[in-house]
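Remarks on the structure that follows.
Protein chains: 2
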Amino acid sequence: MKAKTLRRRCLVDKSYQLSFCLVLLLSHGFVALLIGFWASWYYLFFFDRRLVHNHNETFWLYGLAGVLLVLLLVLFWGVRQSHRVAGVVVRVNKELENAGRGVFPPGPVCFRQRDYFKWLAPSLDATLKHVQREGAKLTTLRLQVAGLEARLATGELQKPEEVLNEVQRIRQSSEN
Amino acid sequence: MKAKTLRRRCLVDKSYQLSFCLVLLLSHGFVALLIGFWASWYYLFFFDRRLVHNHNETFWLYGLAGVLLVLLLVLFWGVRQSHRVAGVVVRVNKELENAGRGVFPPGPVCFRQRDYFKWLAPSLDATLKHVQREGAKLTTLRLQVAGLEARLATGELQKPEEVLNEVQRIRQSSEN
Numbered sequence: 001m002k003a004k005t006l007r008r009r010c011l012v013d014k015s016y017q018l019s020f021c022l023v024l025l026l027s028h029g030f031v032a033l034l035i036g037f038w039a040s041w042y043y044l045f046f047f048d049r050r051l052v053h054n055h056n057e058t059f060w061l062y063g064l065a066g067v068l069l070v071l072l073l074v075l076f077w078g079v080r081q082s083h084r085v086a087g088v089v090v091r092v093n094k095e096l097e098n099a100g101r102g103v104f105p106p107g108p109v110c111f112r113q114r115d116y117f118k119w120l121a122p123s124l125d126a127t128l129k130h131v132q133r134e135g136a137k138l139t140t141l142r143l144q145v146a147g148l149e150a151r152l153a154t155g156e157l158q159k160p161e162e163v164l165n166e167v168q169r170i171r172q173s174s175e176n
Numbered sequence: 001m002k003a004k005t006l007r008r009r010c011l012v013d014k015s016y017q018l019s020f021c022l023v024l025l026l027s028h029g030f031v032a033l034l035i036g037f038w039a040s041w042y043y044l045f046f047f048d049r050r051l052v053h054n055h056n057e058t059f060w061l062y063g064l065a066g067v068l069l070v071l072l073l074v075l076f077w078g079v080r081q082s083h084r085v086a087g088v089v090v091r092v093n094k095e096l097e098n099a100g101r102g103v104f105p106p107g108p109v110c111f112r113q114r115d116y117f118k119w120l121a122p123s124l125d126a127t128l129k130h131v132q133r134e135g136a137k138l139t140t141l142r143l144q145v146a147g148l149e150a151r152l153a154t155g156e157l158q159k160p161e162e163v164l165n166e167v168q169r170i171r172q173s174s175e176n
């Protein structure tokens, strides 16, 4: 029980968290290998401890270019990776805000193919549908009550049994 | 206009995405520095190209231990980092599913201090409150209509003006 609680707390969404960790390990491993090879290459082929000054300045230029390239790759990958997360959250926020103002998406909410947390779509959809349906029911019922009031006020409905039938009809239609 | 669209598409949530990239760059830079220093240390103090076989096997053990430690650190950090994202999404999903079943949190939704996307809380709260309020209104109105029906059926309400007053009361109370 203790182990299960701990596991549930550490990995709340296994698929996302494990793939995130795997990709992190791979990218750090790649950088480590790259730097390791680069350093080996330097010390095996360029470095000469008999010289006080190293004349191979192009080596450092290449190295700097390599580091910049790797940084750019990491940056590019970071933006893409974080977008796959943030896009979903921003979309959910937008749909929730719209729902609060009574605006609903025309169809089911779809996330992009490569987004994480796509499993959020069904419950978001269900909630939006629920809000929309309940809102529509409330509006219909209010209109029906207002209509009944108008017909009573104009004297169109007078007999008790007619009124009862009408109220029954309204009550039944509101339960569907 | 073009630039703005592109920017909006790349960085949908600046604060999260930029901090994610910064942390990625720092951690990759840290690993790169570590491996660079380690390789330099090896080639400057241990490596001897006059020997065919290297006798310093403890060096490799230390190196292996270091790599494992860094991998563990990356893994630990990855789980924590991804939890700060996944925790929010899992919580949002839970609240949405609960709302669909008519279960609402007792107070406003709070995320943990270190979670990302904490700005999602207000719109989630507003939607939950909206759903709850609309649901309560619908239930109340249905009960009032059912009560009216019962009173008409038992003959408690008979006079047209009494019925009209009651319907007016129901209509007004449903509009608040």
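Protein sequences appear in the order of chains A and B. If you read the first sequence in the numbering used here, its first letter stands for residue 1, the second for the next number, and so on. If you read the second sequence in the numbering used here, its first letter stands for residue 1, the second for the next number, and so on. Every residue gets a Cβ at the ideal spot worked out from N, C-alpha and C, and that includes glycine.
Less than 7 Å between CB atoms is the rule here; does A/C10 satisfy it with respect to chain B? yes
Flag this pair as touching only if the segment 122 to 136 of chain B and the segment 100 to 108 of chain B have three or more C-beta atom pairs under 8 Å; answer yes or no. Touching, yes.
How about A/K137: is its C-beta nearer than 7 Å to some C-beta of chain B? yes
Inter-residue CB distance, B/H83 and A/Q17 (contact presumed, cutoff 8 Å): 7 Å
Closest by C-alpha distance to B/V145, when choosing among B/S173, B/E95 and B/T127: B/S173
If you measure beta-carbon to beta-carbon, which residues of the segment 104 to 136 of chain A are closer than 7 Å to chain B? F117, L120, S123, L124, A126, T127, H130, V131, E134 and G135
Entirely within the segment 127 to 151 of chain B and at least 4 residues each: give me those alpha helix (DSSP H) ranges in chain order. none
Exposure label - B/G100; buried when at least 16 CB within 10 Å: buried
Exposure label - B/F45; buried when at least 16 CB within 10 Å: exposed
When you compare the CB of B/A39 with every CB in chain A, is at least one pair closer than 7 Å? yes
Alpha-carbon to alpha-carbon, B/Y43 and B/L61: 16 Å
Outcome for A/K2 when other beta-carbon atoms lying within 10 angstroms are tallied against a minimum of 16: A caution first: A/K2 carries a pLDDT of 47, below 50, which makes its placement in the model too unreliable to give a value.
Roughly how many angstroms lie between the CA atoms of B/W119 and A/A150, to the nearest whole one? 46 Å
Do you know how far the Cα of B/V23 is from the Cα of B/N38? Asn is not the amino acid found at residue 38 of chain B; the sequence shown has Trp there. Taking the straight line from one Cα to the other gives about 22 Å.
So, helix, strand or coil for B/N176, using DSSP? coil
Does the beta carbon of B/E149 come closer than 7 Å to any beta carbon on chain A? yes
Reduced DSSP secondary structure (H/G/I, E/B, other) of B/W154: The displayed chain sequence assigns Thr, not Trp, to residue 154 of chain B. Of the three classes helix, strand and coil, the one that applies to B/T154 here is coil, per DSSP.
In the DSSP assignment, find the unbroken alpha helix (DSSP H) run with A/G29 in it and report its ends. K14 to W41
Roughly how many angstroms separate the alpha carbons of B/L138 and B/L72, rounded to a whole number? 54 Å
Comparing alpha-carbon positions, which option in A/L69, A/E162, A/G155 and A/T127 lies nearest B/L96? A/T127
Under three-state DSSP, which class holds A/V90? helix
Apply the 10 Å Cβ neighbour rule to A/L143 and answer buried if 16 or more other Cβ atoms are within range, or exposed otherwise. exposed
is_contact[B/A99, chain A] using C-beta, thresh 7 Å: yes
Pick helix, strand or coil for A/R171, following the three-state DSSP scheme. helix
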